[in-house]
Structures are given as C-alpha cells and as structure tokens.
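Asker:
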Amino acid sequence: MNDNAIKQYLTFALGEDVFALETGFVREVIELVPVTRIPRTPPFMRGVINLRGHAVPVVDLRIKFDMPTARDTVSTCIIIVDVEIEGEKCHMGAIVDSVLEVFEMANEQITPPPRMGTSIRPDFLSGMGKQNEEFIMILDIAKVFSPGELSLPGEAEPLETDS
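With UniProt numbering, letter number 118 in the sequence shown gets 118, and the count goes up by one each step, no holes.
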C-alpha cells in the first residue's frame with residue numbers, strides 16, 4: 001500500500017471530541033428520525049429505524065464509548081455506514097452530536113492511536129489525525145461495529161444492492 005495514498009474522512013463530534021470515519025464506509029447522513037427500541041438489547045443499541053423500508057439497527061456512540069449522555073439537538077444526526085457482519089454487508093446507524101466536514105488526509109499524516117489517555121478504548125481507533133492543530137480520532141469501523149462488540153441477539157438487515 002502506498003504510504004502517500006490520500007483518503008477522505010467524514011468528521012463528526014461527540015461532545016468536545018472530534019472523530020472521523022473513512023468515507024468509503026459511509027453510505028449517507030440523515031437527520032435524527034424516530035428510533036424504535038428493541039427489548040433486551042445493550043444500552044448503547046438505541047433500536048432500529050425505518051430506512052426506505054428496511055430496519056436498520058442504530059447505535060448511540062456516546063453510550064458505546066462510555067461518554068456522558070446528552071440531549072438530542074437539531075444537529076444530532078445518524079451516520080449510516082456499511083459494515084460486514086459474518087460475511088454479509090449490512091447497514092448500521094450511528095447517532096452522533098453533529099457532522100462536521102469531509103476532508104482529505106494522506107496515510108503518512110496518520111499516527112498510531114495512543115494506548116492510553118483517550119476518551120475511548122484504543123482498540124476502537126485505527127489512528128490519530130491532525131487538522132488545524134486539532135487531533136481527530138479515526139475510528140476502526142470493523143472493531144466498533146463487530147458482532148462481538150454489538151452483542152446483537154439477531155443479525156443486522158442484509159444490504160440490498162442497487163442494480
């Protein structure tokens with residue numbers, strides 16, 4: 001892999017912290033819509049939403065990352081991501097405080113995540129980036145949304161391919 005490869009990242013805020021996801025995993029960003037709670041799921045599983053006729057599981061990243069809860073605001077939104085669960089592509093939603101921007105960063109600008117001192121578990125991070133003197137925590141989407149981490153009683157809705 002080329003160390004000078006440039007990737008695009010979608011940045012978002014949770015409280016004062018700034019996180020990023022590689023845009024290749026992001027399907028879309030939608031406004032916060034009603035979420036139907038599913039009984040006997042982990043507290044961070046807010047429930048499911050109806051996305052064009054498909055039930056999409058939604059995770060509250062504040063709760064997932066052991067951050068203090070906050071009231072939903074007009075800026076609160078859901079990032080719909082494509083993840084692979086047991087070999088199948090699925091949609092998942094992640095509730096965030098606000099989406100900030102899309103920016104580009106070369107691989108050489110990304111440093112390994114610190115093993116301690118971050119607000120979330122280090123294994124959830126693929127690296128740390130920096131933009132305008134501000135550190136950005138780049139999430140490892142495969143770890144954050146892994147079946148073991150989600151502890152879902154069932155499986156997420158399989159991804160429909162647009163033909």
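We treat Cβ as the ideally placed atom computed from N, Cα and C, and that holds for glycine.
Remember, predicted model here, so these are calculated numbers, not experimental data.
What is the C-beta distance between methionine 128 and isoleucine 138, in whole angstroms, given that I count them as a contact (C-beta under 8 Å)?
Answerer: Contact holds; Cβ gap of about 7 Å.
Asker: May I ask you to report which of helix, strand or coil DSSP gives leucine 61?
Answerer: Leucine 61 falls in the helix class under three-state DSSP.
Asker: Which residues in the same chain have their Cβ closer than 7 Å to the Cβ of aspartate 97, if we skip the five residues on either side of it in sequence?
Answerer: So the qualifying residues of the chain are Ala13, Leu14, Gly15, Ala70, Ser75, Thr76.
Asker: According to the Cβ coordinates, are tyrosine 9 and methionine 105 closer than 8 Å?
Answerer: Yes, Cβ-Cβ distance for tyrosine 9 and methionine 105 is below 8 Å.
Asker: Measuring CA to CA, which of Ile120, Ile49, Gln131, Ala94 is closest to isoleucine 110?
Answerer: Ranking Ile120, Ile49, Gln131, Ala94 by Cα distance to isoleucine 110 puts Gln131 first.
Asker: Measuring CA to CA, which of Ile95, Ile63, Met67, Gly24 is closest to glutamate 84?
Answerer: It is Gly24 whose Cα lies nearest to the Cα of glutamate 84.
Asker: Just to confirm, are valine 35 and valine 48 a CB contact at a threshold of 8 Å?
Answerer: A contact, by the Cβ cut-off of 8 Å.
Asker: Quick one: what's got a C-beta closer than 7 Å to glutamate 22's C-beta in the same chain, skipping five residues either side?
Answerer: The residues are Lys7, Tyr9.
Asker: For arginine 46, count neighbouring C-beta atoms within 10 Å of its own C-beta (all shown protein chains included) and say buried if the count is 16 or more, exposed if not.
Answerer: Burial call: buried.
Asker: Look at the alpha carbon of proline 43 and the alpha carbon of phenylalanine 65, and state the distance between them as a whole number of angstroms.
Answerer: Proline 43 and phenylalanine 65: Cα-Cα distance of roughly 11 Å.
Asker: Alpha carbon to alpha carbon, how far is glycine 148 from aspartate 123? Give it in angstroms, no decimals.
Answerer: About 13 Å.
Asker: List, from N- to C-terminal side, the alpha helix (DSSP H) runs of 4 residues or more that fit wholly inside the UniProt domain "CheW-like" (6-150).
Answerer: As far as the UniProt domain "CheW-like" (6-150) is concerned, its whole alpha helix (DSSP H) runs of at least 4 residues are 61-64, 141-144, 147-150.
Asker: How would you call serine 163, buried or exposed, if buried means at least 16 neighbouring beta carbons within 10 angstroms?
Answerer: Only weak support is given to the placement of serine 163: the predicted model assigns it a pLDDT of 42, under 50, and the question is left unresolved by the model.
Asker: Could you tell me the alpha carbon to alpha carbon distance between glycine 53 and arginine 40, rounded to whole angstroms?
Answerer: About 23 Å.
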